[in-house]
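As structure tokens, the structure follows; a few thoughts come after it.
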Amino acid sequence: MELTNSLDAATIAGRVAAGRLDPAEVVAAFQARIAARNDQLNAVFEQRQELVDADLAQLRARLAQGERPLLAGVPVIVKDVIWSQGRRVTQGSQLYRDFIAPADAIAVERLRRAGAIVLGMGNTSEFACKGLTTNKVYGLTRHPLDATLTAGGSSGGCAVAVAAGMAPLALGTDGGGSSRRPPAHAGVVGFKPSYGAIPDSIGFAHAFNGIQVIAPITRTVSDAALMFEALAGADARDPDTLGFSLAAERPLHTLRIALSPRLGLDTPVDDDVADACAQAVARLQAAGLSIEMADPAWPRGADEAALMPLQHVGLANLYGDAWRRDPDVFDPDVARQIERGLAWTGADVARAREASHQIALAMAEFFTRYDLLLCPTTPCVAWRNDRLGPERIGGVAVEPRAHAVFTPFFNHALAPAISVPCGSGRDGLPVGLQIAGPRGADRTVLAAARLAERVLAARPGANG
């Protein structure tokens with residue numbers, strides 16, 4: 001079983017498709033891992049053996065007919081905001097604690113079509129709107145290396161499950177970094193594709209319309225790329241995917257790559273994170289990549305705070321009436337966001353939308369001069385799990401969201417970005433390097449991440 005847990009998705013699928021590995025044994029190995037670690041980590045729920053058995057039976061029938069699905073027999077955890085038919089999908093909210101998904105989201109439908117086996121649902125912050133994975137339905141998800149630390153958010157359950165060996169793949173969402181920051185903290189890979197690359201419909205309405213994407217979380221970059229190929233492609237049920245096309249992968253030695261240690265923002269970074277990223281970049285340069293220092297030229301006043309009214313108003317639109325009836329039903333931090341959203345004016349929202357547009361324009365201009373952009377995924381390693389964020393970064397007192405500054409702009413630019421493990425910070429905690437490119441350059445971003453993974457020899461350290 002331990003050997004099976006150590007295999008990547010491509011190897012599992014290849015052996016299952018060739019008849020060299022029984023998919024039921026694969027599932028049992030990962031379920032044993034969940035049983036061994038989930039009580040402590042609190043990452044995975046809704047395992048539902050009858051649904052797992054149904055997936056296995058369908059896969060066996062296809063294999064018997066000679067099919068070789070791309071993800072044959074590969075276990076996957078689905079974030080508890082994405083519909084998985086027959087399972088309870090709560091969004092981490094008491095409003096939905098008894099909701100049973102009547103259908104699969106398109107992404108889950110595609111994973112099943114590719115032969116993957118859904119093992120359960122990964123914990124999330126309420127409505128995926130908090131940088132700490134905790135809620136009033138399932139409680140707190142803990143860091144796989146130190147249970148006193150945060151898993152980040154909002155895809156913390158998925159990131160922890162992958163890092164702890166509960167599944168090789170997880171399906172997250174990313175509206176501002178939710179599937180890049182938790183993987184960075186856990187020492188695994190989190191990929192935010194270009195907006196429009198993967199259909200995101202059939203399911204709940206969410207607060208991040210126009211910028212949220214379906215996001216693979218995996219142990220290796222190759223698995224992220226494999227999962228992306230299974231998920232990507234237009235679907236008439238999601239008009240935002242129609243007309244979108246992916247660019248061909250480009251040779252890495254021809255690329256102009258920028259390093260922006262603070263992403264051009266006036267924000268502190270912890271020394272251990274800065275050092276780990278600098279050492280990683282030096283090794284990439286030694287491997288032949290052409291990298292130079294350059295910052296995007298952001299519009300005046302560009303920061304995450306300028307964008308937050310969009311999230312607050314999105315929440316207020318969806319849940320304002322429920323908040324008025326009973327604010328205590330919500331996570332207190334999410335309740336405050338809804339309250340703020342109800343107070344924002346139309347002019348406030350217009351300013352936030354203009355800020356989003358100007359950030360996208362600045363990013364587009366930057367990518368006329370550079371092909372890829374490197375920066376830390378987060379300015380700090382994981383912090384105590386009883387706090388929304390670290391109290392200090394870079395020796396400076398900071399606001400709770402200061403840990404999240406390096407990820408949201410890529411959502412507003414609709415651009416692909418991936419977090420790959422690049423070393424360790426204090427106490428051996430993982431550090432992530434973020435690699436981003438222009439919209440549509442997903443395969444080139446993945447190729448650069450694959451090289452970084454190989455050069456840095458960074459692998460998850462929480463699987464023991």
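Each residue of the sequence shown is one higher than the one before, counting from 1 in full-length UniProt numbering.
Don't be surprised by glycine CBs; every beta carbon is placed ideally from N, CA and C.
To the nearest angstrom, report how far apart residue 438 and residue 405 are at their CA atoms. The residue labelled residue 438 in the question sits at position 438 within the sequence shown. The residue labelled residue 405 in the question sits at position 405 within the sequence shown. Cα to Cα, the separation comes out at about 19 Å.
Residue 166 in three-state terms, based on DSSP: As a working mapping, residue 166 is identified with position 166 in the sequence shown. Three-state DSSP puts residue 166 in coil, outside helix and strand.
Kindly indicate which three-state DSSP category residue 51 falls into: helix, strand or coil? Numbered from its first residue, the sequence shown carries residue 51 at position 51. Residue 51: helix per DSSP, three-state reduction.
Compare the Cα-Cα distances from residue 456 to each of 333, 268 and 220 and report the closest residue. Indexing the sequence shown from 1 puts residue 456 at position 456. When only C-alpha atoms are compared, the closest one is 220.
Just confirm the distance between the C-beta atoms of residue 172 and residue 194, as a whole number of angstroms; I'd bet it's less than 8 Å. Stepping through the sequence shown from its first residue, residue 172 is reached at position 172. Stepping through the sequence shown from its first residue, residue 194 is reached at position 194. The Cβ separation is near 16 Å, so there is no contact.
Pairing CB atoms from the region 204–218 with CB atoms from the region 174–186, are three or more of them under 8 Å? yes
Does the separation of the CB atoms of residue 126 and residue 87 fall below 9 Å? Translated into the one-based positions of the sequence shown, residue 126 becomes position 126. Translated into the one-based positions of the sequence shown, residue 87 becomes position 87. No; because the gap between Cβ atoms is not below 9 Å, this pair is not in contact.
With 16 other CB atoms within 10 Å as the buried threshold, where does residue 447 fall? Locating residue 447 in the sequence shown gives position 447, where the first residue counts as 1. Buried is the call here.
Alpha carbon to alpha carbon, what distance is there between residue 419 and residue 464? Along the sequence shown, read from residue 1 onward, the residue named residue 464 stands at position 464. Along the sequence shown, read from residue 1 onward, the residue named residue 419 stands at position 419. Reliability of the predicted coordinates at residue 464 is poor, the pLDDT of 47 falling under 50, and no value is obtained from them.
Between residue 362 and the rest of its own chain, which residues show a CB-CB distance below 7 Å, the 5 nearest in sequence each way excluded? Position 362 of the sequence shown, counting from 1, holds the residue named residue 362. Correct list, in chain order: 296, 297, 298 and 299.
Look at the alpha carbon of residue 462 and the alpha carbon of residue 144, and state the distance between them as a whole number of angstroms. As a first step, residue 462 must be located in the sequence shown, where it is residue number 462. As a first step, residue 144 must be located in the sequence shown, where it is residue number 144. Because residue 462 sits at a pLDDT of 48, beneath the cut-off of 50, its placement in the model cannot be relied upon, and the point is left open.
Between which residues of its own chain and residue 279 is the CB-CB distance below 7 Å, once the five residues before and five after are set aside? Position 279 of the sequence shown, counting from 1, holds the residue named residue 279. Closer than 7 Å at Cβ, skipping near neighbours: 423.
Please state whether DSSP places residue 396 in a helix, a strand or coil. In the sequence shown, residue 396 corresponds to position 396, counting from 1. Strand at residue 396.
Check whether the Cβ of residue 119 lies closer than 8 Å to any heavy atom of the ligand FMN, and answer yes or no. Because no ligand of any kind appears in the structure shown, any question about the ligand FMN cannot be addressed here.
Pull up the distance between the alpha-carbon of residue 268 and that of residue 91, whole angstroms please. For this step, residue 268 is matched to residue 268 along the sequence shown. For this step, residue 91 is matched to residue 91 along the sequence shown. Approximately 32 Å between the Cα atoms of the pair.
With a Cβ-Cβ cutoff of 9 Å, do residue 108 and residue 137 count as a contact? Counting from 1 along the sequence shown, the entry for residue 108 is found at position 108. Counting from 1 along the sequence shown, the entry for residue 137 is found at position 137. No, Cβ-Cβ distance for residue 108 and residue 137 is not below 9 Å.
Any chance you could list the alpha helix (DSSP H) runs of at least 4 consecutive residues sitting entirely within the region 296–370, in chain order? 304–325, 332–343 and 346–369
Alpha carbon to alpha carbon, how far is residue 369 from residue 42? Give it in angstroms, no decimals. Along the sequence shown, read from residue 1 onward, the residue named residue 42 stands at position 42. Along the sequence shown, read from residue 1 onward, the residue named residue 369 stands at position 369. Cα-Cα distance, rounded: 45 Å.
Report yes if the CB atom of residue 432 is closer than 9 Å to the CB atom of residue 421, and no otherwise. By 1-based counting over the sequence shown, the position of residue 432 is 432. By 1-based counting over the sequence shown, the position of residue 421 is 421. For residue 432 and residue 421, yes; Cβs fall inside 9 Å.
Where does residue 458 sit, in a helix, a strand or coil, going by DSSP? In the sequence shown, counting from the first residue as 1, residue 458 sits at position 458. Because the pLDDT at residue 458 is just 46, under 50, the model does not fix this residue reliably, and the value given afterwards should be weighed accordingly. In this structure, residue 458 counts as coil in the three-state DSSP scheme.
Can residue 63 and residue 17 be called in contact, C-beta distance under 9 Å? Within the sequence shown, numbered from 1, the residue matching residue 63 stands at position 63. Within the sequence shown, numbered from 1, the residue matching residue 17 stands at position 17. A contact, by the Cβ cut-off of 9 Å.
Who are the near neighbours of residue 5 in its chain, counting only those whose CB is closer than 8 Å to its CB and skipping five residues on each side? Taking the sequence shown and counting its residues from 1, the one referred to as residue 5 is at position 5. Closer than 8 Å at Cβ, skipping near neighbours: 29, 30, 33, 165 and 463.
Going straight from the alpha carbon of residue 338 to that of residue 401, what length do you get? Mapped onto the sequence shown, residue 338 falls at position 338. Mapped onto the sequence shown, residue 401 falls at position 401. Roughly 17 Å between the two C-alpha positions.
Three Cβ pairs or more, each shorter than 8 Å: is that satisfied between the region 232–243 and the region 185–200? yes
Is residue 375 helix, strand or coil by DSSP? Position 375 of the sequence shown holds residue 375. In the structure shown, residue 375 sits in a strand (DSSP, three-state: E or B).
Measure the C-alpha to C-alpha separation of residue 459 and residue 162 and round it to an integer number of angstroms. Locating residue 459 in the sequence shown gives position 459, counting from the first residue. Locating residue 162 in the sequence shown gives position 162, counting from the first residue. Caution is warranted here: a pLDDT of 46 is assigned to residue 459, below 50, making its placement in the model unreliable, and the coordinate value is therefore given only provisionally. If I take the Cα positions, the gap works out to 12 Å.
Taking only runs of the alpha helix (DSSP H) that begin and end inside the region 76–149, which ones reach a length of at least 4 residues, in chain order? 106–113
Under 9 Å, do residue 238 and residue 106 count as touching if we go by C-beta distance? Here the question's residue 238 lines up with position 238 in the sequence shown. Here the question's residue 106 lines up with position 106 in the sequence shown. Against a cut-off of 9 Å, the Cβ pair of residue 106 and residue 238 comes out as a contact.
Our contact map puts residue 291 next to residue 374 with C-beta atoms below 8 Å; I'd like the distance itself, whole angstroms only. Here the question's residue 291 lines up with position 291 in the sequence shown. Here the question's residue 374 lines up with position 374 in the sequence shown. About 7 Å separates the two Cβ atoms, so the contact holds.
By the DSSP assignment, the alpha helix (DSSP H) with residue 409 in it spans what residues? The count along the sequence shown starts at 1 and reaches residue 409 at position 409. Here the alpha helix (DSSP H) through residue 409 covers 408–412.
Hey, could you find the ends of the beta strand (DSSP E) residue 434 is sitting in? Sequence index remark: in the sequence shown, residue 434 carries index 434 (1-based). Per DSSP, residue 434 belongs to the beta strand (DSSP E) from 430–436.
Residue 135, buried or exposed, once every other Cβ within 10 Å from all chains shown has been counted against 16: Translated into the one-based positions of the sequence shown, residue 135 becomes position 135. Residue 135 should be labelled buried.
I need the DSSP call for residue 464, collapsed to helix, strand or coil. For the purposes of this step, residue 464 is taken as residue 464 along the sequence shown, with counting starting at 1. Because residue 464 sits at a pLDDT of 47, beneath the cut-off of 50, its placement in the model cannot be relied upon, and the following sentence gives the value as read from the coordinates. The answer is coil: DSSP assigns residue 464 none of H, G, I, E or B.
Expressed to the nearest angstrom, what Euclidean distance is found between the alpha-carbon atoms of residue 139 and residue 264? As a first step, residue 139 must be located in the sequence shown, where it is residue number 139. As a first step, residue 264 must be located in the sequence shown, where it is residue number 264. Looking at the two C-alpha atoms, the distance is approximately 36 Å.
Using a Cβ-Cβ cutoff of less than 8 Å, which residues in the same chain neighbour residue 19 once the five nearest sequence positions on both sides are dropped? Locating residue 19 in the sequence shown gives position 19, where the first residue counts as 1. Taken in chain order, the residues that qualify are 63.
In terms of residues, what are the limits of the beta strand (DSSP E) holding residue 218? On the sequence shown, position 218 is the one that residue 218 refers to. Segment 213–218, the beta strand (DSSP E) holding residue 218.
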